[in-house]
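Written below as structure tokens is the structure these notes are about.
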Amino acid sequence: MKKKIDIICNIEPGGITTVVKHLLTSQSFLQTFNFSLYIFKHSNYTEALKNISQHVKINNATSTSKLKNMQALFNFLVHYDGSALIILGPLQIIVAKLVKLIFRKKYVIISWIQVSQQDPGIKNKFFALKYADYHLAISTGIKKELEQCGVPANRIKVVYNPIEQQAKTISATEPCKFIYIGRITLDGQKNLRLLLQCFARLHGRWQFDVFGSGKDDAALAELVKQNPKLKDNVTLHGWTEDPFAEIKNANALVLNSNYEGFGMVLAEAMSYGIPCISTDCPVGPSDIIKPGVNGFLYQLGDYATLNSDLQSFVNGNVDFKPQVIKESIDFIYTDEYDKRLLETLKKIV
């Protein structure tokens, strides 16, 4: 009989939903385990989770109250008879641990956190992760953060996140075209304000295409409008469901984040043969970028190096090979990822 595993998470647009959906649509996992999904925060999940197997049972929270949802989760776990829980939120891990202790449950608690400890949304709750029995780390940086919280190294398995291998190649062009794909925040995590200041100092012909939306959409548009150099070279595309389907050419993807969990957009770009320039921020980019092979890394705040890297692309002084870039992330393409995660789950469940 297949062992039962419940995934407990919130379902919202973004990388987390993509990763959960992959797990619940992959035949290698569905043939080995009996998966169910518990959506902690009330969500209209129909569109986000389309194509998930009809054999995957979905429990969706009915309240918008966090307290009521915690109570509902507690009651659900009291009657839970499965082998394991894969949990993507720290507070839900505490609830699972309490139920396990009080009611002497045998299930294995597995954390699967998708963000760094640096993320303000989890920073003060990160300690709760130590109450899980095992941990699926999506980057070596998150593994280090867990170890710093007192989690034994042998309880942490680095599995990364999956990327689909692409036959399509997005080639470089003239003038040099840079792209950004992600949430629009001028300051904070994505740090677009300082990135644009670097672009404004470039010499020569270049373009910068920005895909995404966020709380600073209007402020970004105004910032671009007020700087003649940016106004002539920066295009704001807004939110796009599948930006890589729209991008015909690109010389590099740029990410100026203060922190990440994995930096999936870097790997997605590389799957199309696009080199990347990124901060060596906590955590994720250093797992993906191999300097000189598939892009460049620069230290947080080192804008002289960022400017130099950008100018090298504009001047045509780089020679990245699309096929080499694609092959550099073989370890996170879905086939390799599925083997790694499946083997890990077999060992700990």
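Numbering follows the numbering used here, with no gaps: position 242 of the sequence shown is 1206. Note that CB positions come from ideal geometry on N, CA and C, so glycine has one too.
Considering only DSSP beta bridges, list what residue i is partnered with.
i: histidine 1099; result: Ser1075 and Ile1120
i: proline 1286; result: Per DSSP, none; premise fails for proline 1286.
i: proline 1255; result: Gly1259
i: serine 1000; result: Asp970 and Lys1021
i: cysteine 1140; result: Trp1170
i: asparagine 1213; result: Ser1135
i: phenylalanine 1163; result: According to DSSP, phenylalanine 1163 bridges with nothing at all.
i: leucine 1041; result: According to DSSP, which records beta bridges pairwise, leucine 1041 is partnered with nothing at all.
i: phenylalanine 1175; result: Ile1145 and Gly1202
i: serine 1242; result: Leu1219 and Leu1261
Between residue i and residue j, is the Cβ-Cβ spacing less than 8 Å?
i: glycine 1046; j: tyrosine 1071; result: yes
i: serine 1235; j: lysine 1290; result: yes
i: serine 1075; j: isoleucine 1051; result: yes
i: isoleucine 1016; j: threonine 981; result: no
i: glutamate 1232; j: isoleucine 1127; result: yes
i: leucine 1049; j: isoleucine 975; result: no
i: leucine 1166; j: glutamine 1275; result: yes
i: leucine 1093; j: valine 1122; result: no
i: leucine 1230; j: isoleucine 1252; result: yes
i: phenylalanine 1004; j: valine 1042; result: no
Go through its chain and collect everything with a Cβ distance to residue i's Cβ below 7 Å, but skip five positions before and after it.
i: leucine 1306; result: Ser992, Phe993 and Thr996
i: glutamine 1081; result: Lys1087, Phe1090 and Glu1109
i: lysine 1061; result: Ile1073 and Tyr1095
i: lysine 985; result: Leu1013 and Ile1016
Going along the chain, which residues of its own chain have a beta-carbon closer than 6 Å to the beta-carbon of residue i, five neighbours each way excluded?
i: asparagine 1258; result: Met1234, Pro1239, Ile1289 and Ser1292
i: valine 1174; result: Tyr1144 and Leu1200
i: isoleucine 1022; result: Leu1001
i: phenylalanine 1260; result: Ile1241 and Asp1273
i: isoleucine 1120; result: His1099, Ala1101, Lys1107 and Leu1110
i: leucine 987; result: Phe993
With H, G and I counted as helix, E and B as strand and the rest as coil, what does DSSP make of residue i?
i: serine 1080; result: coil
i: valine 1063; result: helix
i: alanine 1048; result: strand
i: tyrosine 1236; result: coil
i: aspartate 1266; result: coil
i: phenylalanine 1090; result: helix
i: leucine 1184; result: helix
i: serine 1250; result: helix
i: tyrosine 1301; result: helix
i: leucine 1200; result: strand
i: phenylalanine 1226; result: coil
In chain order, what residues of the same chain have a beta carbon less than 8 Å from the beta carbon of residue i, not counting five sequence neighbours either side?
i: asparagine 1213; result: Ile1134, Ser1135, Ala1136, Thr1137 and Lys1141
i: arginine 1147; result: Gln1153, Lys1154, Gly1176, Ser1177 and Gly1178
- At least three beta-carbon pairs within less than 8 Å, the segment 1138–1147 to the segment 1166–1177: Judged by Cβ distances under 8 Å, the segment 1138–1147 makes contact with the segment 1166–1177, as three or more pairs qualify.
- Message: When you compare the segment 1055–1062 with the segment 1017–1037, are there three or more beta-carbon pairs, one atom per stretch, that lie closer than 8 Å?
- Response: Yes: at least three Cβ pairs fall under 8 Å.
- Item | the segment 1155–1162 contacting the segment 1180–1197, beta-carbon criterion three pairs below 8 Å | Yes, since at least three Cβ pairs between the segment 1155–1162 and the segment 1180–1197 fall closer than 8 Å, the two stretches touch.
- Message: For the structure I just gave you, are there three or more beta carbon pairs, one from the segment 1215–1224 and one from the segment 1262–1280, closer than 8 Å?
- Response: A contact exists between the segment 1215–1224 and the segment 1262–1280.
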